[in-house]
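Numbered by the numbering used here, the letters in the sequence shown go through residues 46 to 459 in order. The block underneath contains the structure these notes are about, expressed in C-alpha cells.
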Amino acid sequence: MAHDHASSPSTRVPLADHQADVAALLTPLLRSERRALGPELVGRIAAAERRAVIDVPSADNSQMDGFALACADLGAAGEERTLPVGTAIPAGAAPSPHEPGTAQPIMTGAPLPDGADLVVPVEEAVTGGFDTAEVTLRPVDVAAGRFVRPRGSDTREGDTVLRAGDRLTPARIAHLASVGVRDVEVLAPVRTAVLSTGSEVAGCDETLPDGGAFDANGPGLAAALADAGADVVAVGRVPDDPAALHARLAELAADGIELLVTSGGVSKGAYEVVKLAAELPGIELTFLSVAMQPGGPQGIGTATVDGHRIAWVALPGNPVSSLLSCELLLRPALGAPARTRLRLPVRVESDEPSPVALEQFRRARLLPGGEVRLAGGPSSHLLGALAVADALVIVPVGVDAVRDGDTLTTIVLS
46 MAHDHASSPS TRVPLADHQA DVAALLTPLL RSERRALGPE LVGRIAAAER
96 RAVIDVPSAD NSQMDGFALA CADLGAAGEE RTLPVGTAIP AGAAPSPHEP
146 GTAQPIMTGA PLPDGADLVV PVEEAVTGGF DTAEVTLRPV DVAAGRFVRP
196 RGSDTREGDT VLRAGDRLTP ARIAHLASVG VRDVEVLAPV RTAVLSTGSE
246 VAGCDETLPD GGAFDANGPG LAAALADAGA DVVAVGRVPD DPAALHARLA
296 ELAADGIELL VTSGGVSKGA YEVVKLAAEL PGIELTFLSV AMQPGGPQGI
346 GTATVDGHRI AWVALPGNPV SSLLSCELLL RPALGAPART RLRLPVRVES
396 DEPSPVALEQ FRRARLLPGG EVRLAGGPSS HLLGALAVAD ALVIVPVGVD
446 AVRDGDTLTT IVLS
C-alpha cells in the first residue's frame, strides 16, 4: 500500500527526519560477527571496541643499531671515550643486566639492559665495532634516554585501540596486531540488491533505445553501497511495469535479500513504477518530498514476499540525486564512519542562487589554502561534475544564494 506525503511544498520533510527514518528501518539489519585479523577486513566497520593486550614497546628498547651503555661511562658530547666491548644484545633476547664500564653492541628493537640508559649509534664509533675488543665512541649527545624507545611509548596495555564505527584500514590492522589483538567484531554486511527502474534504461552492453540512457545508477549505487559496507549481491534493471517489478521482488526474496535500493519511479510522472507497484499486496511504501536538493522525491518502506520481508529505500532516478541520496541517507544508516565536515570559504565566479526552502548540496572541489570552489551547476543530471568533485558544500535552508567568500559547511568526500 502506498502512502503519499509529497502532495505540496508544505509537506516537505526535513532531511534530518528522513535520515532518522532510514536509520530506523535499517538498524534491525545491522548485526555483528567476529573475524580474525587479516587482509579481508580492510574496509570493514568495527562493531565493538578493542583494547591493547600489552604495552608497545613491551620493554625499553633500542631505536638504533649501536652500543648500550650508561651516561656515567661517557664524557661530554663530542668527547672521545674508549670502552671495552661487552656482550652483544640481539633483538628478541632477554639481556642480563648491563655490564658496567662496557659498551654493549645492541641491535634495533633489542631490549635495553638494566643499568644502561642510552644508545650510541654505530655511526658515532670512531674506531672499533661490534666484533672488536674495544670501541672508541664520539657521541654527538650524551643524555639519558637517547635513542631509547620507552616501554609503552606507542600504546599502553588497556588503551582503546579500536572503537565501534571505525573503518579498518591497513594501519589499524597492523596496530591491532602489534598490541596482541587477534580478532575483532565487525558489522556483518547487509545483503543488498540494487534495481534501476525505467523502460528507457539500458545496460552498457545493450543497444541503447531511441531517447534512452545507459544505466549509471546501478553501477554507481552498487559501488557506493559496497563502500558503505553493504554486501551488494544483485544489480539489475526493471522496465516501467509493476508486474515485472513484483516478479523481481519474488526472486530477491528467494535469494534472501535484506535491503532493496531502487532508483527512479518515485516522482509525479504517469509511469512511476515504484509508486504503481506499491499498490500490490505485501508492499508498504511511504512516498515523500524531502527538503533537500538534489534528491527531493523519496520512498521508504518494506516488501513482504512469500513471508520474507525486505527493507526498501526508493531513491529518485536522476543520477546525482540518486548518489547523493545514498551518501546522505544510506551510508550513515549502514554504520559507515561519518565524513569529515569543515567550515570553509567558498569561491564562485558570481552569485549562485539556492532555493530558500531547501537544504542544497553543491558539488565542489577542495582548493589549496583551505578553500572550496563549486563544480558545475545544481542540476541533478550533471553527473560529470560529481565525478570530479571531492566535496559537497551544504547551503542551509533560508539562504537564497552562495556568494564569493561565504563560509559554509563542507563534506569532504575523498
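Yeah, the Cβ is synthetic: ideal placement off N, Cα and C, and Gly gets one too.
Could you tell me whether the Cβ atoms of residue i and residue j are closer together than 8 Å?
i      : j      : result
Ala279 : Ile302 : yes
Ile456 : Leu437 : yes
Gly362 : Ala348 : no
Arg418 : Arg410 : yes
Glu324 : Leu60  : no
Leu374 : Val358 : yes
Val283 : Val98  : no
Ala381 : Ala273 : yes
Ala81  : Arg191 : no
Arg212 : Ile90  : yes
Leu270 : Val306 : yes
Leu86  : Ile218 : yes
Val335 : Arg57  : yes
Please state the DSSP three-state secondary structure of residue i.
i      : result
Arg376 : helix
Pro215 : helix
Gln343 : strand
Leu325 : coil
Ala3   : The chain is shown from 46 up to 459; residue 3 falls before or after that span and cannot be answered.
Thr452 : strand
Val146 : It should be noted that the sequence gives Gly, not Val, for residue 146. Note: Gly146 maps to coil in three-state DSSP.
Thr200 : strand
Ser77  : strand
His426 : coil
Val391 : strand
Thr72  : helix
Asp228 : strand
Ser399 : coil
Thr132 : coil
Ala10  : Residue 10 is absent from the model: the chain starts at 46 and stops at 459.
Ser107 : strand
Leu330 : strand
Thr153 : coil
Val444 : coil
Leu60  : helix
Ala238 : strand
Do you know how far the Cα of residue j is from the Cα of residue i?
i      : j      : result
Asp351 : Ala298 : 8 Å
Ser370 : Asp100 : 44 Å
Gln149 : Gly131 : 4 Å
Asp286 : Glu317 : 9 Å
Gly310 : Thr242 : 6 Å
Gly137 : Ala155 : 6 Å
His291 : Arg96  : 48 Å
Ala460 : Val206 : Nothing can be reported for residue 460: it is not among the residues displayed for the chain, which extend from 46 to 459.
Ala378 : Glu397 : 31 Å
Leu389 : Ala295 : 48 Å
Val391 : Arg208 : 34 Å
Gly265 : Phe259 : 12 Å
Thr200 : Pro102 : 7 Å
Gly415 : Arg376 : 26 Å
Thr385 : Ser399 : 23 Å
Ile345 : Pro195 : 55 Å
Leu232 : Asp66  : 20 Å
Asp451 : Val164 : 55 Å
Just tell me which of the options has its CA closest to the CA of residue i.
i      : options                        : result
His143 : Arg126, Cys116, His353         : Cys116
Gly257 : Gly263, Cys249, Gly265, Glu245 : Glu245
Glu124 : Thr181, Val229, Ser77          : Thr181
Phe175 : Pro129, Leu157, Gly197, Ala216 : Pro129
Glu179 : Thr147, Pro158, Ala161         : Thr147
Gly340 : Lys320, Leu368, Thr331         : Leu368
Pro429 : Pro364, Glu230, Glu416         : A small correction: the amino acid at residue 429 is Gly; Pro does not occupy that position in the sequence shown. Nearest of Pro364, Glu230, Glu416 to Gly429, Cα basis: Pro364.
Gly422 : Gly414, Ala446, Leu82          : Ala446
Leu333 : Leu74, Ser312, Ala273, Val442  : Ser312
Ser77  : Leu213, Ala93, Val226          : Ala93
Leu157 : Ala104, Asp204, Leu70          : Ala104
Lys320 : Val335, Ser395, Thr454, Leu360 : Leu360
Ala113 : Ala188, Arg354, Thr452, Pro102 : Ala188
Ser141 : Ile345, Arg354, Asp159         : Asp159
Ile151 : Pro145, Asp162, Ala133         : Ala133
Asp62  : Arg196, Met337, Ser425         : Met337
Ala238 : Val58, Ala222, Arg201, Asp276  : Asp276
Ala383 : Ser424, Ser459, Val87          : Ser459
Leu221 : Ala121, Ala68, Gly83, Val165   : Gly83
Ala68  : Ser308, Leu304, Leu427         : Leu304
Val167 : Leu71, Ser107, Leu86, Gly314   : Ser107
Leu74  : Asp204, Arg354, Ser395, Asp162 : Arg354
Val440 : Ala420, Ser424, Val401, Ser425 : Val401
Glu230 : Glu169, Ser424, Gly248, Gly210 : Gly210
Cβ of residue i less than 8 Å from any chain C Cβ?
i      : result
Gly415 : No chain C is part of this structure, which consists of one protein chain only.
Every unbroken beta strand (DSSP E) inside the segment 240-311 [3 residues or more] | Qualifying beta strand (DSSP E) stretches, in chain order: 276-283, 304-308.
Run through the segment 348-377 for me and flag every whole alpha helix (DSSP H) of 4 or more residues, listed as ranges in chain order.
-> Runs found: 364-370.
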